[in-house]
Amino acid sequence: MNVESLSDALRLDPDTGIWHANAGAQISYPADHNAACFLIENNSFWFNHRNKCITAAVRRFPPQGFILDVGGGNGYVARGLMDAGYETVLLEPGADGAVNAKQQRRLPTVINATLDEARVRAGSVPNIGLFDVLEHIEDDRRFVAQLFEAMRPGGFLYLTVPSFSWLWSMSDVDAMHYRRYTRGSLDAVLAGRFDMLYSTYLFQRLLPVSFLIRTLPYAVGLARSKPASAYESDHAAGNQRVADALNRLLGHEVSTIAAGNSLRVGSSLLVVARRAGGGAA
Numbered sequence: 018m019n020v021e022s023l024s025d026a027l028r029l030d031p032d033t034g035i036w037h038a039n040a041g042a043q044i045s046y047p048a049d050h051n052a053a054c055f056l057i058e059n060n061s062f063w064f065n066h067r068n069k070c071i072t073a074a075v076r077r078f079p080p081q082g083f084i085l086d087v088g089g090g091n092g093y094v095a096r097g098l099m100d101a102g103y104e105t106v107l108l109e110p111g112a113d114g115a116v117n118a119k120q121q122r123r124l125p126t127v128i129n130a131t132l133d134e135a136r137v138r139a140g141s142v143p144n145i146g147l148f149d150v151l152e153h154i155e156d157d158r159r160f161v162a163q164l165f166e167a168m169r170p171g172g173f174l175y176l177t178v179p180s181f182s183w184l185w186s187m188s189d190v191d192a193m194h195y196r197r198y199t200r201g202s203l204d205a206v207l208a209g210r211f212d213m214l215y216s217t218y219l220f221q222r223l224l225p226v227s228f229l230i231r232t233l234p235y236a237v238g239l240a241r242s243k244p245a246s247a248y249e250s251d252h253a254a255g256n257q258r259v260a261d262a263l264n265r266l267l268g269h270e271v272s273t274i275a276a277g278n279s280l281r282v283g284s285s286l287l288v289v290a291r292r293a294g295g296g297a298a
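If you use the working numbering, the sequence shown closes out at 298, no skipped numbers anywhere.
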């Protein structure tokens with residue numbers, strides 16, 4: 018993949034093999050969360066299941082050309098997509114995440130920058146992945162407009178977001194989220210630039226548990242902020258036996274996506290959209 022075809026603002030560090038831009042932009046994401054996530058991603062039922070669902074959606078709507086994984090953290094999703102046969106380039110503003118993706122996950126192309134800093138040429142990106150990123154963007158409509166400008170007409174946008182404002186909890190506060198989405202509210206943000214082709218909610222069978230242990234305590238004022246080191250309590254199962262049971266419990270969601278069907282409720286929302294201006298539906 019020729020990074021120089023994307024931007025004149027990026028420079029390759031020969032010592033690390035990571036591309037960089039002039040840094041300085043502020044992002045709404047805890048500075049230590051990439052490190053906390055990296056410790057649990059490989060053994061986390063949550064990250065594992067989300068990857069399976071994302072890959073199933075990409076298989077149903079296969080891209081032409083590479084996927085630019087915007088805000089892709091430590092490269093867990095990008096590595097999964099690469100292993101599934103889809104060329105993926107990581108764009109990650111956090112230095113720790115970029116290093117983990119390059120050195121530990123062995124991603125061939127890693128860019129350490131925000132989308133603004135990277136100054137991607139208009140129409141140079143064939144497809145974009147945006148996995149639990151949009152909720153961190155204060156002006157989500159402006160950001161979607163930037164994605165639109167960067168992408169080629171007809172390209173796919175694959176994204177996941179946390180769902181339903183009534184599920185808001187201290188976990189959202191700690192993660193520095195601005196909002197949660199529904200299918201309708203996300204469609205409104207994408208409208209005019211991206212046509213939603215497919216959507217489904219995820220983690221349906223865990224919704225009652227999530228409401229009881231996260232949302233309800235926050236709603237009644239009993240929730241307390243957690244450090245990033247406690248991230249495991251929300252996204253890891255504690256031991257392999259429990260993780261295996263949760264994966265079996267959620268396995269139907271992957272086959273649901275593969276069949277082109279959708280779930281009507283869940284704590285996350287997965288969407289595939291097409292950049293307006295070209296391409297067959």
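Glycine is no exception: its CB is placed at the ideal position from the N, C-alpha and C atoms. Small disclaimer: the values here were computed from a predicted structure and weren't measured.
(1) What's the gap between the Cα of LEU29 and the Cα of PRO234?
(2) Would you mind reading off the limits of the beta strand (DSSP E) that contains SER285?
(3) Since THR105 contacts PHE78 with CB under 8 Å, what's their CB separation in whole angstroms?
(4) Let me know if TRP36 comes out buried or exposed under the rule of 16 or more other beta-carbons within 10 Å of its beta-carbon.
(5) Could you pull out every residue in the same chain whose Cβ sits closer than 7 Å to the Cβ of LEU138, ignoring the five residues on either side in sequence?
(6) Who are the near neighbours of ALA298 in its chain, counting only those whose CB is closer than 6 Å to its CB and skipping five residues on each side?
(7) Secondary structure at ALA298, three-state DSSP: helix, strand or coil?
(8) Taking all protein chains shown into account, do 16 or more other C-beta atoms lie within 10 angstroms of the C-beta of GLY209, making it buried, or fewer, making it exposed?
(9) Evaluate SER285 with the Cβ neighbour count: other Cβ atoms within 10 Å of its Cβ, from every protein chain shown; 16 or more gives buried, anything less gives exposed.
(10) For the 8 Å Cβ check, are there 3 or more pairs between the stretch 179-197 and the stretch 224-240?
(11) Considering only the alpha carbon of each residue, which of VAL288, ASP157, GLU270, ALA240 lies closest to MET213?
(12) Grab the span of the beta strand (DSSP E) containing VAL137 for me, first residue to last.
(13) Could you pull the start and end residues of the alpha helix (DSSP H) that ILE274 belongs to?
(14) Within the same chain, show all residues whose beta-carbon is closer than 6 Å to that of ALA95, passing over the 5 residues directly before and after it, in chain order.
(15) Leaving out the 5 sequence neighbours to the left and right, which residues in its chain are closer than 7 Å to PRO143 when beta-carbon positions are compared?
(16) Rounded C-beta distance between PHE165 and PHE211? I'm assuming under 8 Å.
(17) According to DSSP, THR217 sits in a beta bridge with which residue or residues?
(18) Please report how far the alpha carbon of TYR93 lies from the alpha carbon of MET99, in whole angstroms.
(19) With a threshold of 8 Å on Cβ separation, who are the neighbours of GLY296 within its own chain once the five nearest residues in sequence on each side are excluded?
On the basis of the coordinates in this document:
(1) 47 Å
(2) 285-292
(3) Their Cβ separation, rounded to whole angstroms, is 15 Å, which puts THR105 and PHE78 out of contact at 8 Å.
(4) buried
(5) The sequence given here places Arg at residue 138; Leu does not occur at that position. Cβ within range, chain order: LEU23, SER24.
(6) Summary for ALA298: the model assigns pLDDT 39, below 50, so the residue's position carries little reliability; its value from the coordinates is reported in the next sentence. There are no such residues.
(7) Confidence at ALA298 is low in this model, with a pLDDT of 39, below 50, so the placement of that residue is unreliable and no value is reported for it.
(8) exposed
(9) buried
(10) yes
(11) VAL288
(12) Taken as a continuous stretch (DSSP letters only), VAL137 belongs to no beta strand (DSSP E), as it is neither H nor E.
(13) 257-275
(14) ASP86, GLY89, THR105, LEU107, LEU124
(15) PRO80, GLN81, GLY82, PHE83, ARG169, GLY172
(16) 7 Å
(17) LEU287
(18) 10 Å
(19) Per-residue confidence for GLY296 stands at a pLDDT of 48, beneath the threshold of 50, marking its modelled position as unreliable; no derived number is given.
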